[in-house]
Amino acid sequence: MKRLGIAEALREAIMEEMERDAHVFCIGEDIAVPGGWGGAFTVTLGLEKKFPDRMIDVPIAELGFFGVAVGAALMGMRPIVDVQYGDFLFLASDQIINNAAKLRYMSGGTAKVPLVMRAPIGATGRGAQHAQSMERFFTGVPGLKVVAPSNAYDAKGMLKAAVRDDNPVLIFEHKLLYGSRGARAEPGATDATSDIPEHDYTVPLDKAAVRREGSHVTILAWLLMLHHALAAAHTLATEGIQAEVLDVRSLAPLDYETIGASVRKTGRVVIVEEGPKTGGVSAELAAGIMERFSESLVAPVTRVASPDIPVPFSPILENTYRPDVPRILAAARQLTLPCAGLERSPLR
Amino acid sequence: MEIQMKMPDLATTGSDVRLVRWLVSPGQIVKRGQPLVEIETEKAVSSVESIATGLLKEVRVLPGGMVSAGQAIAVFEVATTLPAAADRISESAASSLGAVPMVLPHYKRAFLLSLYERMVLIREFEERVRFLFLEGTMAGTIHQCQGQEATAVGVCSALRANDWITSTFRGHGHALAKGLSPQELLDELFGATTGCCKGRGGSMHVGNMDQGMVPGIAIVAGGIPLAAGMALAFKMQNSSQVVACFFGDGAVAEGAFHEGINMAALWKLPVIFVCENNLYGASTHISKVMKNTRISDRAAVYGFRGQTVDGNDVVAVFEATRHAAADCRAGNGPVLLELLTYRRIGHSRRDPCHYQPAAEREAWLSRDPLLRFATCLEQQAAISAAELAEIKARVDHRIDEAVQNAKKAPLPAVEALYEGVFG
Ligand SMILES: Cc1ncc(C[n+]2csc(CCOP(=O)(O)OP(=O)(O)O)c2C)c(N)n1
Ligand SMILES: [Mg+2]
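Heads up: the protein sequence lines correspond to chains W and H, in order.
Residue numbers for the first sequence, in this note's numbering: 853 to 1200.
Residue numbers for the second sequence, in this note's numbering: 10 to 432.
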């Protein structure tokens, strides 16, 4: 057992999978330069020493090297390809959406694309083009699995599961969760370390996780927002509101079994999403919950998300933009009051 | 230069092939693509074409012999091509280039001094921002341009006031060279409403639509098709304006570069594509990501003019841009300028640059554009060291003031969060 942050956990997962299977290789910008950085967020730091032939630095050509990764996967390799910032997925998206996600289907099930893609997201003081929450753009793509680990244990286990999966898997990571100390101590960085067992393990790509049990309200969140949701739940408990917090973590497909069990228990749902509200993953979740569990709901599903604007640079605006603990608290309190100003109704 | 030709892998089964006969003999000049030798595989008799244009010096396999794929079969003597730019300027070669003195044409004194002052302004601005950043006064991230002052100033000083530029994440120098004030830039970096983008853009997106600078495009190569589009508008509006489009060596691998320059060439658009080749895209040396490191060569294949220029010589950059702008205004655009330069600092905050070899760094730092220009001004334009020192003092004072103001600049009201998305 050891304590690791997400960046180290991902590195370990990549290393172990590359040791286990010679078909696994990494391809991306600045991932293997001696004296360099190990990618934009140090995930592959030093791996070029161990695997000189399987750590491939590329030109800045996202459409090109994502296409190369898809092609290699098609011929039996298991590439792990990354972008430095999730925002650059827009450049690669033709290869991801039109090729990687559809080749199996278009070939009548005969082709397979065992591809792992990694992309850091989140608003972190870098302005509008290095900040977007990209999940929304990829969760509605049939043929693509999308996951978003919020702690180091999941990061390692999900990356391993993704490498062993025969389908394209897109992993979203949050810049503020890679680590919160040393060189990574940037404003807002949040501790996402976990105890990592010595033995090999995987984490399923289609299961949500209950992070805190409660009976009054269900809070659904992932990545950084999950950590905010847990902090909010802690405060709510002191007010007598028992929140159940679910780490959605598998964004496509969504795990309605775990979500449903919680909704049936609490009857109230707050969904927290870092990206803009319109067209977000939370919209899909809200609709999906309403379709499946409306008889269990005692109040409309509530969403906490960013406003429909590009991510502003000015720190004061960015901090107002991004959902935070007070906004989650306000939503949860509102939902557990039947009517403002009245006594709280007996909770189910 | 001698090159060897190896047997291509032609057999569908991977087995060896038999060499039937040579179609040319040693001593003959052959052209690339010309049939060279007849071979026989298990399926057919066919010929193999020459991979080079040059003198066939020697054949290594005789008729009737068996050849395996990859085996050397012939040796050519070919004309020496110019070594690629990076090889010429990289590492030790840079010191010899530094010895080549800058030559001053007959410019007016005031113009020379204005070039120098603008370069000093950029250097001192960047050094101050770096300090504020390390001190923790400033949020976000920064990409700075110390060492690349001559490219920004040389290009922008050759443009007219109503010409435009597009820039990148590394835009502070371009902005100052285009005439944005240190105050509006600093205010932007502090996230203030008085910043050039009202605090909405930040370091990676500085620009000012009233000064002919589109907010920096931080997506590598994203500004290239954009600049072509701006130039298309100029053409459709019968305007004589041009746009100078700044990007790095890293950008030429992106599809957007190729798509953008092809359209600009096709429609003869008035764009000066300015590639600041500082040998690195982030931590990656250009030799790792392109086979032909002479970036200006890209222009010819799309049918327009490209030129490699010493980007640490502000006068050379000015002259090259002046000619490029004239070409563009005459309807003979676009032009691709490759400006060879070097970044003295990390790619972005906290990058210690460990990937830059010490010898290369040293060679390039000795060709620092400011130092070289100062020396040249003293030696060739009889401008005294005291005059140059005075300029620096004036710039320092201006920046001091701007920093003090920026620290007190008004921050946006949170109620203004929703403003500015649509007009
Ligand atoms: C499409 C895209 N991919 C990757 C990046 C991340 N990135 C930012 S700067 C940079 C290197 C750019 O190198 P170059 O074009 O040579 O410009 P320089 O940094 O040398 O000024 C990279 C990879 C980006 N901003 N946009
Ligand atoms: Mg560069």
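We treat Cβ as the ideally placed atom computed from N, Cα and C, and that holds for glycine.
What you are looking at is a predicted structure, and each value in this text was computed from that prediction instead of being measured.
Taking non-hydrogen atoms of ligand 2 into account, the C-beta of residue 258(H) is found less than 7 Å away from one of them.
Each residue's CA atom was taken as its position, placing residue 64(H) and residue 85(H) some 5 Å apart. Per DSSP, reduced to three states, the secondary structure at residue 314(H) is strand.
Per DSSP, the beta-bridge partners of residue 1021(W) are 968(W), 997(W). Pairing residue 236(H) with residue 252(H) gives a Cβ-Cβ distance under 8 Å. The beta carbons of residue 1029(W) and residue 1044(W) sit about 4 Å from each other, so the pair counts as a contact at 8 Å. Per DSSP, the unbroken alpha helix (DSSP H) holding residue 401(H) starts and ends at 394-416. Residue range 280-286 is occupied by the beta strand (DSSP E) that includes residue 285(H). DSSP links residue 13(H) through a beta bridge to 84(H). Identification of residues in the segment 180-208 of chain H having a C-beta nearer than 7 Å to some C-beta of chain W yields 200, 208, given in sequence order. Scanning its chain for C-beta atoms nearer than 6 Å, with the 5 sequence neighbours on each side dropped, one finds around residue 1148(W) the residues 1115, 1116, 1119, in chain order. By the CB criterion at 8 Å, residue 1184(W) and residue 1088(W) fall inside the cutoff.
One finds nothing in chain H with a Cβ atom closer than 8 Å to the Cβ of residue 1086(W); even the nearest lies about 26 Å away. Residue environment: residue 247(H) is assigned as exposed (fewer than 16 neighbouring CB atoms within 10 Å of its CB, all protein chains considered). Using a Cβ-Cβ distance cut-off of 8 Å, the segment 189-202 of chain H and the segment 309-325 of chain H are not in contact, since fewer than three pairs of beta carbons, one from each stretch, lie closer than that value. For residue 917(W), the enclosing alpha helix (DSSP H) covers residues 914-926. The C-alpha of residue 30(H) is placed about 10 Å away from the C-alpha of residue 74(H). Taking 8 Å as the cut-off between beta carbons, the residues of the segment 1152-1183 of chain W near chain H are 1159, 1160, 1161, 1162, 1164, 1165, 1166, 1167, 1168, 1169, 1172, 1173, in sequence order. At least one C-beta of chain W is nearer than 8 Å to the C-beta of residue 292(H). By the Cβ test, the segment 1098-1106 of chain W is in contact with the segment 998-1005 of chain W, since at least three Cβ pairs between them sit closer than 8 Å. Between the segment 944-964 of chain W and the segment 879-897 of chain W, the count of Cβ pairs shorter than 8 Å is below three; the stretches do not touch. Between the segment 1158-1176 of chain W and the segment 976-989 of chain W, the count of Cβ pairs shorter than 8 Å is three or higher; the stretches touch.
About 6 Å separates the CB atoms of residue 157(H) and residue 287(H); that is less than 8 Å, so the two are in contact.
Bridge partners of residue 1047(W) according to DSSP: 855(W). Residues are counted here when their Cβ sits less than 9 Å from a Cβ of chain H; for the segment 912-926 of chain W these are 912, 913, 914, 915, 916, given in chain order. A distance criterion of 7 Å places the beta-carbon of residue 290(H) in contact range of ligand 1, judged by its closest non-hydrogen atom. DSSP links residue 47(H) through a beta bridge to 30(H), 56(H).
According to the DSSP secondary-structure assignment, residue 173(H) is paired through a beta bridge with 252(H).
Residue 129(H) does not reach chain W, its nearest Cβ partner there being about 28 Å away, counting only Cβ pairs nearer than 8 Å. Across the structure, residue 903(W) and residue 890(W) are spaced so that their CA atoms are roughly 13 Å apart. Each residue's CA atom was taken as its position, placing residue 963(W) and residue 954(W) some 10 Å apart.
By the Cβ criterion, the segment 913-933 of chain W is in contact with the segment 873-882 of chain W, since at least three pairs of Cβ atoms, one from each stretch, lie closer than 8 Å.
Rounded to whole angstroms, the Cβ separation of residue 216(H) and residue 206(H) is 7 Å, and the two are in contact under 8 Å.
The three-state reading of DSSP puts residue 952(W) in helix, counting H, G and I together.
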